[in-house]
Amino acid sequence: MFVSAHAIAFAQQQPSAPMIPTTPAQPLSIGAATTAALQQVSALQQAQIDEAIAAQDVRQAEAAFLPRVRDSFTVAYNSPAHPPGSPADPSFIAQNAVHEYQNLLGVAGDWNFGLFAAIRRSKALLEAARAGTEIARR
């Protein structure tokens with residue numbers, strides 16, 4: 001009981017805000033100013049790099065919506081059934097012609113909620129990176 005009463009009395013005797021002597025701001029040396037400026041520039045450069053990476057992530061997420069196209073092209077040449085120079089007719093592939101051309105074209109695409117979510121997430125990260133760049137510029 002005595003300790004708490006003594007603590008209350010001591011707390012009432014203390015001034016509400018301690019008096020801290022203020023000293024005028026001293027000018028920075030050239031070395032300190034250069035160091036501070038270089039640290040600020042590197043923070044800005046890192047923020048710009050982060051923004052560029054986030055923009056590339058958005059581009060890649062949007063590219064997932066593009067269809068994938070594939071193409072396979074084949075040419076088949078006939079060979080003579082007899083030795084070269086013989087008067088016999090050459091053999092044909094399925095009686096089509098001397099040369100046969102085949103082309104296979106395929107298109108595939110994928111749309112799902114995961115792709116939409118990835119694009120939204122990438123765009124949100126890009127906005128956060130842009131905000132970080134603005135903060136680093138200040």
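Numbering (my numbering), first residue to last: 1 to 138.
Here a beta-carbon is modelled for each residue, glycine too, at the ideal position from N, C-alpha and C.
Note that this is a predicted model, so its numbers are computed, not measured.
If you compare alpha carbons, which of the options is closest to residue i?
| i | options | result |
| --- | --- | --- |
| residue 75 | 39, 101, 119 and 105 | 101 |
| residue 59 | 135, 121 and 132 | 121 |
| residue 105 | 72, 132, 111 and 127 | 72 |
| residue 61 | 133, 115, 31 and 126 | 115 |
| residue 123 | 134, 47, 112 and 53 | 53 |
Residue i by DSSP, collapsed to three states: which one?
| i | result |
| --- | --- |
| residue 42 | helix |
| residue 70 | strand |
| residue 109 | coil |
| residue 122 | helix |
| residue 5 | In this predicted model, residue 5 has a pLDDT of only 44, less than 50, meaning its place in the structure is not dependable; the value taken from the coordinates is given anyway. Residue 5: helix per DSSP, three-state reduction. |
| residue 25 | coil |
| residue 64 | coil |
| residue 138 | coil |
Residues in the same chain with beta-carbon distance under 7 Å from residue i, minus the five sequence neighbours each way, listed in chain order, please.
| i | result |
| --- | --- |
| residue 130 | 51 |
Under the DSSP definition of a beta bridge, which residues are partnered with residue i?
| i | result |
| --- | --- |
| residue 100 | 76 |
What whole-angstrom Cβ distance do residue i and residue j have, given they're in contact under 8 Å?
| i | j | result |
| --- | --- | --- |
| residue 136 | residue 43 | 5 Å |
| residue 108 | residue 67 | 7 Å |
| residue 132 | residue 47 | 5 Å |
Under 8 Å Cβ to Cβ from residue i, same chain only, skipping five residues before and after it: list those, please.
| i | result |
| --- | --- |
| residue 36 | 28 |
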